[in-house]
Structures are given as structure tokens and as C-alpha cells.
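The opening position of the sequence shown corresponds to residue 1 in full-length UniProt numbering, with each subsequent residue numbered one higher.
Every residue gets a Cβ at the ideal spot worked out from N, C-alpha and C, and that includes glycine.
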Amino acid sequence: MSIYVTKPFLPPKDEFLKKVSDIFDTGILTNQGPNVLELEEKMRKYLSVDNFHYVTNGTIALQLALKALNISEGEVITTPFSYVATVSSILWERCTPVFVDIEPDNFTIDVTKIEAAITSKTKAIMPVHVFGYACDVEAIESIAVKHGLKVIYDAAHAFGAKYKGKALCSYGDISTLSFHATKLFHTIEGGE
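Take a look at the structure:
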């Protein structure tokens, strides 16, 4: 028996083709079309967040988060245990990634090592929730407040996950998702 960890769950083919047919009938494939607006509204409610904007992919979501918070040409603390998008988004914004090791039991950033990595050039912390495990958001946000840093969570592995009953996507200055076909919830491709 083979178990494919990256094989996506797909809806019944007839339901999918009906939706594709409806999309073709409207002639609107992107740019705030009715399907995108419907998805955004449903995601706001499901994730208990005030803002939700669908973008091309998770990499762009991280990059836009950095831009939205005016983070460029500084240091961003993150983990090396993540998909390349986490670091590449930092580099695209002309920032320097500063790596902090991970917790051995859940693979999330080790909060006890974050403060030692902070310098006068540090602008933000970009922790990654891994395999549905939440980073220690309370400790991270406390450190960020203490040092005047922004927090951008890469929540690509944490769709729908909660911390103390609150959606993980509601923590930090910005949280991002990925809807790539290998993620828990996917739209074949895309990000938030």
C-alpha cells in the first residue's frame, strides 16, 4: 500500500466540472471575480479574522506581508526548517534572514533563542507553524512587543489550527497561508 502525503483531496469530478463550467459562463477568471470574493468571505468567517485577501501563492503572500509592514533592508528572524518561500520572500524584500534553530519536539522556532538573534537591524520575526503545530505565539509576541518588532506568521501548514481556542491566523501583525495542492486545504494553487 502506498500513502501519498502530497496527493491532494479532490471533490467529485462532476461537482468540480460544474464549478469550472460556471466560471467559464461568467467569463471572469480572476481579479476579484465572484468566486474569489465568495472564498474570501467564507475564509474570513471560518478563520475568525477581519481581513483575508487571496493572492497568487503563499510566497507572494509572505512578500506582500513584508511590504505592507514596510519591512525592507533589515534583518528578519526566521527558521531554516521551512519551505524555501519563507526565506526567498525575505530576500526579495532586500532583507537578511537570520536563522534561529527549532524545537526538537514540534519543529517550530525555538523561542528561547530568538532574543539572542535580535540586533539593531532586526525588523521582524517570521515564525513558521509546522505540521499543524503552533509556534509559542504568546512568547513570540511578547518578545516582539519588548523589542518593537513586527510578527509575520507563515501558517501554510496550519490552516484551521487553533491556539487556546483562537485561530492561529489571527495572531501576529499578519499571518499568511498557502493553498498549494500539497497543503491541508488547497485551491490547486494560491496563497493568502
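For the beta strand (DSSP E) that contains residue 152, what are its first and last residues?
150-154
What runs of the alpha helix (DSSP H), each 4 residues or longer, lie entirely inside the stretch 129-177?
137-147
With 16 as the cutoff for other CB atoms within 10 Å, does residue 4 come out buried or exposed?
exposed
Inspect the CB distances between the stretch 49-56 and the stretch 79-90 and report whether three or more fall short of 8 Å.
no
How many angstroms separate the CA atom of residue 164 from the CA atom of residue 25?
44 Å
Based on the DSSP secondary-structure assignment, which residues constitute the bridge partners of residue 98?
77
Sequence-distant residues of the same chain with beta carbon closer than 6 Å to residue 44, five excluded per side
52
At which residues does the beta strand (DSSP E) containing residue 1 begin and terminate?
No beta strand (DSSP E) holds residue 1; DSSP gives it neither H nor E.
Confirm, please, whether the CB-CB distance from residue 136 to residue 150 is below 8 Å.
no
Taking the alpha carbon of residue 155 as the reference point, which residue from 122, 10 and 108 has its own alpha carbon closest?
108
Which residue wins for smallest C-alpha separation from residue 36, given the options 56, 18 and 21?
56
Can you list, in chain order, the residues of its chain with a C-beta nearer than 6 Å to that of residue 130? Leave out the 5 residues immediately preceding and following it.
107, 108 and 157
Note down the Cα distance separating residue 140 from residue 68, rounded to an integer number of angstroms.
20 Å
Specify the secondary structure class of residue 36 as computed by DSSP and reduced to three states.
helix
In three-state DSSP terms, what is residue 87?
helix
Hey, residue 100 and residue 75: beta-carbon distance below 8 Å or not?
no
Beta strand (DSSP E) containing residue 125: first to last residue?
122-126
Using the C-alpha atoms, what's the distance from residue 161 back to residue 128?
13 Å
Mapping the DSSP letters down to three states, classify residue 111 as helix, strand or coil.
helix
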